[in-house]
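Chains as they are written, first to last, in my numbering: chain A, 1 to 294; chain B, 295 to 590.
Ideal placement from N, C-alpha and C gives every residue a C-beta, glycine not left out.
In what follows, a single structure is set out as structure tokens and then discussed.
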């Protein structure tokens, strides 16, 4: 059995288990109530994002001024907004943009963060010192502020949001990967690779990377939760996802001004949708964390 | 030590801000053909020099000096942040301590899971739900944080409760979780065991031995939350139409009012650095093992 087959962070397969380390993780995931609940919620929204527009009762973008601001009824389950669009249809289809932007931002953060973390963890020394300080300085600025600046400089678009969130989260992932790599690089298989005269890149990406996958997976699921948080917040602030998208944060921002008038249905369901998605992703993250650390 | 030297130095935060900043200056120069003939560094130098002398520049939109706006806004934000902090620090610590003392019992689960759920929710989501409950349905609290002119302390406080609650919720989970794990560790330690075996009453053990050690990491977390708090302020102040530093930056960014934007961001950079310093100081006061000066 070569070292790369048995990630060191996983429990070694014992005699009673023939599932292998990944099977073991999968098995404990499938028995975790937290994970399954979270997965159920997330899958619900993914299905809404993919197929929502085929089963919603109304076109989420079609206005109907005569029926504007109608309270929830049998006809409009969640009521209608200020130009008569059906809130139920908008909430269902509104999952689409956030579920595109947030995972892409997380993916960017994971790829960039992993590469950076591997580099600084493997080489240590001056590279590590300098890059780590820069990363810390970066992490000290709230994402909202970075986003504000980037949007002023680059203009508003989904791409800007993906890049801003991706790059703001990359340092956090880099830090996690770095500390995992620091532990791995002292192990025998890395020494063996060096003895075989493998190049630094080969050692980093072929030897070490597979062994630090567990902490990366955990961190990525956690970051996805924060990415959804950030995307929702940015669209609420009017950056990123733009009208007429039925995005949840955007809908809240265009309707909350009327909240004092008692038109609660125009914002409540969007708020609950964001809340459920964020909690769902965090439950999944919690489950993944548990599965790798038991 | 626990805090890396670099993080404490204001220079680091300043440098971090300088990056995005230089960009703005470039955009600024293009847009307004102001000071295009001067190199960026000179512009930046003059600007920082003036800032240090209390001159933050002139707002493009208001055609008036930026400083009074920033100082007013900072004052307002401080009030809001203070209300949130005064509420969350004791309650968060209390929550964590209660959870740890009831480890793995239902009360612990309720506090831990509840804390975790509210912490992960965006401020504007909890804000909207709280506005609906307390402002629209129950009508207990005002939904906008703008009190009548010349309102007294308690009236202002009354207006600030609702906006501070979402910030409270986000911070509560973090603080409670840190306090809980600190407590669990301290309860499990040898000195606690010794104190109990010495025959000290349980109450004394908790107060004199466990709490002091358990709360050290919590203080660190509270300090790092200042950054989050500032990000949260931008959102909350927009939601509640509150004239704070967050909404000032937001408005300035939207209106491309660069002097205002820069002054606002540098101000929060300074606030952040000061908060980190205070946390370091508190930490060293509370922890007899670390003394200032011994760090070199």
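DSSP three-state call for residue 64 of chain A: helix, strand or coil?
coil
Does the region 119 to 135 of chain A come close enough to the region 499 to 516 of chain B that 3 or more CB-CB pairs lie under 8 Å?
no
Check the Cβ of residue 233 of chain A against every Cβ in chain B and list those closer than 7 Å, keeping chain order.
416, 418 and 529
Selected residue, minimal CA-CA separation from residue 569 of chain B, among B:412, B:516, B:380 and B:364
Selected option, being the one with the closest Cα: B:516.
Excluding the 5 residues flanking residue 122 of chain A on each side, which residues of the same chain have their C-beta closer than 8 Å to its C-beta?
181, 185, 200, 203, 204 and 208
Hey, how far is the Cα of residue 36 of chain A from the Cα of residue 265 of chain A?
30 Å
Does the beta-carbon of residue 85 of chain A have 16 or more other beta-carbons within 10 angstroms, so that it is buried, or is it exposed?
buried
Taking Cβ-Cβ distances below 8 Å as the criterion, which residues of the region 168 to 190 of chain A are in contact with chain B?
none
Closer than 8 Å at the beta carbon, the chain B residues around residue 237 of chain A:
528, 529, 532 and 544
Could you pull the DSSP bridge partners for residue 80 of chain A from this structure?
A:86
Run through DSSP, which three-state label would residue 57 of chain A get?
coil
For a contact meaning CB atoms closer than 7 Å, what does residue 142 of chain A contact in chain B?
Residues of chain B passing the Cβ test: 521, 522, 524 and 525.
Tell me the rounded alpha-carbon separation between residue 482 of chain B and residue 393 of chain B.
Using only the alpha carbons, I get a separation of about 15 Å.
Beta-carbon gap between residue 572 of chain B and residue 539 of chain B smaller than 8 Å
At a Cβ-Cβ threshold of 8 Å, residue 572 of chain B and residue 539 of chain B do not count as neighbours.
Look up residue 362 of chain B in the DSSP assignment and say whether it is helix, strand or coil.
helix
Using 8 Å as the limit for Cβ to Cβ distance, is residue 404 of chain B near chain A?
No, residue 404 of chain B does not count as interfacial toward chain A.
Assigned secondary structure, residue 477 of chain B (DSSP; H/G/I helix, E/B strand, else coil)
helix
Do the region 374 to 391 of chain B and the region 455 to 464 of chain B make contact, defined as three or more Cβ pairs closer than 8 Å?
yes
Apply the 10 Å Cβ neighbour rule to residue 24 of chain A and answer buried if 16 or more other Cβ atoms are within range, or exposed otherwise.
buried
Residue 219 of chain A versus residue 522 of chain B: straight-line alpha-carbon distance, rounded:
19 Å
If you draw a straight line from the alpha carbon of residue 362 of chain B to that of residue 177 of chain A, how long is it in whole angstroms?
Residue 362 of chain B and residue 177 of chain A have their C-alpha atoms roughly 45 Å apart.
Check whether chain B comes within 8 Å of residue 274 of chain A, counting only Cβ atoms and requiring the distance to be less than that.
Cβ-Cβ to chain B under 8 Å: yes for residue 274 of chain A.
Collapsed DSSP secondary structure at residue 458 of chain B in the structure displayed:
helix
Inter-stretch contact at 8 Å, needing at least 3 Cβ pairs: the region 91 to 106 of chain A / the region 49 to 64 of chain A
Taking a cut-off of 8 Å for Cβ pairs, the region 91 to 106 of chain A and the region 49 to 64 of chain A touch, as three or more such pairs fall below it.
Say whether chain B places a C-beta atom closer than 8 Å to the C-beta of residue 229 of chain A.
Chain B places a beta carbon closer than 8 Å to that of residue 229 of chain A, counting this residue as a contact.
Could you tell me which chain B residues have their CB closer than 7 Å to the CB of residue 271 of chain A, listed as they occur along the chain?
Chain B residues near residue 271 of chain A: 419, 422 and 423.
Residue 276 of chain A lies in the alpha helix (DSSP H); which residues open and close that run?
265 to 293
Partners in chain B for residue 264 of chain A, counting only beta-carbon separations shorter than 7 Å:
Residues of chain B passing the Cβ test: 426 and 430.
Can you tell me the Cα-Cα spacing of residue 421 of chain B and residue 456 of chain B, whole angstroms?
8 Å
Using the beta-carbon of each residue, which ones in chain A are nearer than 8 Å to residue 559 of chain B?
145 and 149
For residue 237 of chain A, which of helix, strand or coil comes out of DSSP?
coil
When the cut-off is 8 Å and only beta carbons count, does residue 573 of chain B lie next to chain A?
no
Could you pull out every residue in the same chain whose Cβ sits closer than 6 Å to the Cβ of residue 116 of chain A, ignoring the five residues on either side in sequence?
174
Quick one: does the C-beta of residue 547 of chain B sit closer than 7 Å to a heavy atom of the ligand ADP?
Judged by which ligands are present, the structure shown has none, so any question about the ligand ADP falls away.
Compare the beta carbon distance of residue 472 of chain B and residue 525 of chain B with 8 Å and say whether it is the shorter of the two.
no
Residue environment, residue 574 of chain B, which counts as buried when at least 16 other CB atoms sit within 10 Å
Counting Cβ neighbours within 10 Å, residue 574 of chain B comes out buried, since at least 16 surround it.
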